[in-house]
Amino acid sequence: MKPTITTFEASPDEGRGLARDMPVRWALEEAGRPYDVRLVSFARMKQPAHRALHPFGQIPTYQEGDLVLFESGAIVLHIAEHDAGLLPGEANARARAIAWMFAALNTIEPPIVEREQVEYLEADRRWHEDRLPLLDERIRNRLDDLSARLGNDEWLGGAFSAGDLMMVAVLRRLAGMGIVEDYPNLSAYVARGEARPAYRRAFAAQLAVFEASRGVT
Ligand code: GTB
171 MKPTITTFEA
181 SPDEGRGLAR
191 DMPVRWALEE
201 AGRPYDVRLV
211 SFARMKQPAH
221 RALHPFGQIP
231 TYQEGDLVLF
241 ESGAIVLHIA
251 EHDAGLLPGE
261 ANARARAIAW
271 MFAALNTIEP
281 PIVEREQVEY
291 LEADRRWHED
301 RLPLLDERIR
311 NRLDDLSARL
321 GNDEWLGGAF
331 SAGDLMMVAV
341 LRRLAGMGIV
351 EDYPNLSAYV
361 ARGEARPAYR
371 RAFAAQLAVF
381 EASRGVT
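Each residue of the sequence shown is one higher than the last, beginning at 171 in the working numbering.
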């Protein structure tokens, strides 16, 4: 059955593919699965009809027949469970790929999101100037270890997996901050993810939504 996902009607990331529908779109493209998109405004996200799909009134959501999912990681895992290109069949390799998904969302991403919040939402707070370098250091500590583990490998667990998809999606949030750029192997890793045809289709699809919201044809 063709799933329907929800995404921003006009994404605040201005089509840079940083909102969390992007990993979901990317996973669907990797799996070769067509999907429908329902656009929602910030106001609509908070209405009861959307909250019935997403308890926190956010995007993305995923509907497939009777199944309603929220949380981008859970959605990507669900898609990946039916696609050998995203999760290997061999039990241990599969478990390791899932561990990398959790590492992306639970170990690498938290200081990145915290830094974004301090930078954009707390710029007027007195702790702003002190906190940013602390968070940069926390991010760098994580990237030191991730970079050491990746080494010269192409992907984290051998073949490309949903673990790499989530990790690349998370690392992309650092673009232009002058942090990930200091790690040549991680920058090349992100570039490899972005060069995948499935990624490019997903990126183009979300950009088209943003451009339409701006009246660009
Ligand atoms: N843990 C959830 C998941 O992974 O699905 C988090 C979902 C989430 O944060 N959704 C955001 C949302 O709906 C959009 S993606 N926000 C509206 C609200 O909470 O009212 C987060 C996001 C937003 C904008 C940018 N950006 O502009 O760069 C990047 C990421």
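Backbone N, C-alpha and C define an ideal beta-carbon position, used for all residues, glycine too.
Asked	Found
Closer than 8 Å: Leu188 CB and nearest the ligand GTB heavy atom	yes
Any non-hydrogen atom of the ligand GTB closer than 8 Å to Ser181 Cβ	yes
Minimum C-alpha distance to Glu324 - residue among Asn311, Glu284, Arg310, Ala365	Ala365
Through-space distance from Trp297 to Ala374, alpha-carbon basis	38 Å
Simplified DSSP assignment, three categories, for Glu381	helix
Contact test: Pro173 Cβ vs the ligand GTB heavy atom, cutoff 8 Å	no
Cβ-based neighbour list, Ala227, same chain, cut-off 7 Å, excluding 5 preceding and 5 following	According to the sequence shown, residue 227 is Gly rather than Ala. For Gly227, where only same-chain residues beyond five positions count, the Cβ hits under 7 Å are Met215, Lys216, His220, Arg221.
DSSP-derived helix/strand/coil call for Phe178	strand
Which of helix, strand or coil DSSP assigns to Val360	helix
Neighbourhood of Pro204 by C-beta distance below 7 Å, restricted to the same chain and skipping five residues each side	Lys172
Residues near Pro225 in its chain [Cβ-Cβ closer than 8 Å; skip 5 each side]	Phe240
Environment of Gln287 [buried if 16+ CB atoms lie within 10 Å]	exposed
Secondary structure of Gln233, DSSP reduced to three states	strand
Three-way DSSP call (helix, strand, coil) for Val386 in this model	coil
Touch test, the segment 298-317 against the segment 242-255, Cβ-Cβ under 8 Å, three pairs minimum	no
Of the residues Asp294, Ala189, Glu251, Ile175, the one placed nearest Ser331, counting alpha carbons only	Glu251
Own chain partners of Leu188 with C-beta closer than 7 Å, once the 5 adjacent residues on each side are dropped	Arg342, Arg343
Enclosing alpha helix (DSSP H) for Arg285 [first to last residue]	279-291
As assigned by DSSP and simplified to three states, the class of Asp300	helix
Close-in-space but distant-in-sequence residues of the same chain around Thr231 (CB under 6 Å, 5 per side omitted)	Thr176, Leu223, His224, Phe240
Burial state of Leu157 (16 or more Cβ within 10 Å)	Coverage of the chain is limited to positions 171 through 387, which leaves residue 157 absent and any answer about it impossible.
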